[in-house]
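Asker: Protein chains in written order, with this note's numbering: chain U, 31 to 134; chain S, 31 to 134.
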């Protein structure tokens, strides 16, 4: 059964245009992620009060096991090493959700 | 720019196994939806307190315009006509979110 993970990022709106760029490097290397079927970076289409824009990464995996294997892989470490450099863009900690794919 | 809509459904847990079945008919006719690129029915992989299971439909569209055209189409009416029959399964009104696809 396929598995979908969705991570939400609350970003200070002054970084709205700059933020997708920090995903470019990972996106170029997306084929190196074993068990990943599809990846999208999304932006919530909604005006929020104040200073926040919501982005979300949406990853479809071959299985829950494939996702869990990636979480403890070298590839995961490599892909997350630049996070400290971009910390100032984040208004809050990311919020992760995971779903079983029932149809589709 | 592609567009993704996500609709969350809080379902009484006693209908957990039965609920995906109400999507079968729509899913069979998914190719009749103009501008729809991908569709998934998801189930949140998380134990919630109490009586609720969260399902979500996840639809990728060619564009925001394609989604908005579908919302006022005959196809939309046809696909939603069975909702009153299944009302007892829903613990709350659905919650809709929409996203621009920035990458992917």
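We put the CB at the ideal spot given by N, CA and C, even for glycine.
Give the interface partners of residue 34 (chain U) over in chain S, defined as CB-CB distance under 8 Å, in chain order.
Answerer: Mapped onto the first chain, residue 34 (chain U) falls at position 4. Near residue 34 (chain U) (Cβ distances below 8 Å), the residues of chain S are 70, 72, 88.
Asker: Below 8 Å between beta carbons: does that hold for residue 33 (chain U) and residue 131 (chain U)?
Answerer: Locating residue 33 (chain U) in the first chain gives position 3, counting from the first residue. Locating residue 131 (chain U) in the first chain gives position 101, counting from the first residue. Cβ distance < 8 Å, so residue 33 (chain U) and residue 131 (chain U) count as in contact.
Asker: So with Cβ pairs under 8 Å, would you call residue 91 (chain S) a contact of chain U?
Answerer: For the purposes of this step, residue 91 (chain S) is taken as residue 61 along the second chain, with counting starting at 1. Not an interface residue.
Asker: With a Cβ-Cβ cutoff of 8 Å, do residue 71 (chain U) and residue 50 (chain U) count as a contact?
Answerer: As a working note, residue 71 (chain U) is residue 41 in the first chain. As a working note, residue 50 (chain U) is residue 20 in the first chain. Result yes, Cβ atoms of residue 71 (chain U) and residue 50 (chain U) sit closer than 8 Å.
Asker: Please compile the residues from chain U whose C-beta is within a distance smaller than 9 Å of the C-beta of residue 124 (chain S).
Answerer: For the purposes of this step, residue 124 (chain S) is taken as residue 94 along the second chain, with counting starting at 1. Going along chain U, no residue has its Cβ under 9 Å from residue 124 (chain S), so there is no contact; the nearest lies around 16 Å.
Asker: How many whole angstroms separate the CB atoms of residue 86 (chain U) and residue 37 (chain U), which I take to be in contact at a CB cut-off of 8 Å?
Answerer: For the purposes of this step, residue 86 (chain U) is identified with residue 56 of the first chain, where counting begins at 1. For the purposes of this step, residue 37 (chain U) is identified with residue 7 of the first chain, where counting begins at 1. Contact holds; Cβ gap of about 6 Å.
Asker: Which stretch, first to last residue, makes up the beta strand (DSSP E) that contains residue 55 (chain S)?
Answerer: In the second chain, counting from the first residue as 1, residue 55 (chain S) sits at position 25. First-last for residue 55 (chain S): 54 to 58, but that is the alpha helix (DSSP H), not the beta strand (DSSP E).
Asker: In chain S, which residues lie with their C-beta within 7 Å of the C-beta of residue 129 (chain U)?
Answerer: Mapped onto the first chain, residue 129 (chain U) falls at position 99. Neighbours of residue 129 (chain U) on chain S, chain order: 72, 73, 74, 75, 86.
Asker: Contact between the region 54 to 69 of chain S and the region 96 to 108 of chain U is defined here as three or more beta-carbon pairs at a separation below 8 Å; is this criterion met?
Answerer: Touching, no, given that fewer than three Cβ pairs across the two stretches are closer than 8 Å.
Asker: Based on Cα-Cα distance, which residue from S:125, S:123, S:127, S:118 lies nearest to residue 44 (chain S)?
Answerer: Position 14 of the second chain, counted from the first residue, corresponds to residue 44 (chain S). The residue with the shortest Cα to Cα distance from residue 44 (chain S) is S:118.
Asker: Identify which residue in U:91, U:109, U:116 has its Cα closest to the Cα of residue 58 (chain U).
Answerer: Stepping through the first chain from its first residue, residue 58 (chain U) is reached at position 28. Per the Cα distances, U:109.
Asker: Since residue 105 (chain S) is in the alpha helix (DSSP H), which residue starts that stretch and which ends it?
Answerer: Indexing the second chain from 1 puts residue 105 (chain S) at position 75. From DSSP, the alpha helix (DSSP H) with residue 105 (chain S) extends over 104 to 110.
Asker: Applying a beta-carbon distance threshold of less than 7 Å, which residues of chain U neighbour residue 53 (chain S)?
Answerer: Within the second chain, the letter at position 23 stands for residue 53 (chain S). Correct list: 133.
Asker: Tell me whether residue 223 (chain S) sits in a helix, a strand or coil according to DSSP, three-state version.
Answerer: Not covered by the structure: residue 223 (chain S). The range shown for chain S is 31 to 134.
Asker: Using a beta-carbon distance below 8 Å, is residue 57 (chain U) in contact with chain S?
Answerer: Along the first chain, one-based indexing puts residue 57 (chain U) at 27. For residue 57 (chain U), the answer is yes, since a Cβ of chain S falls inside 8 Å of its Cβ.
Asker: DSSP three-state label for residue 89 (chain S), please.
Answerer: Locating residue 89 (chain S) in the second chain gives position 59, counting from the first residue. Three-state result, residue 89 (chain S): strand.
Asker: Look at the Cβ atom of residue 90 (chain U), then the Cβ atom of residue 61 (chain U), and state whether they are nearer than 8 Å.
Answerer: For the purposes of this step, residue 90 (chain U) is identified with residue 60 of the first chain, where counting begins at 1. For the purposes of this step, residue 61 (chain U) is identified with residue 31 of the first chain, where counting begins at 1. The answer is no: Cβ separation not under 8 Å.
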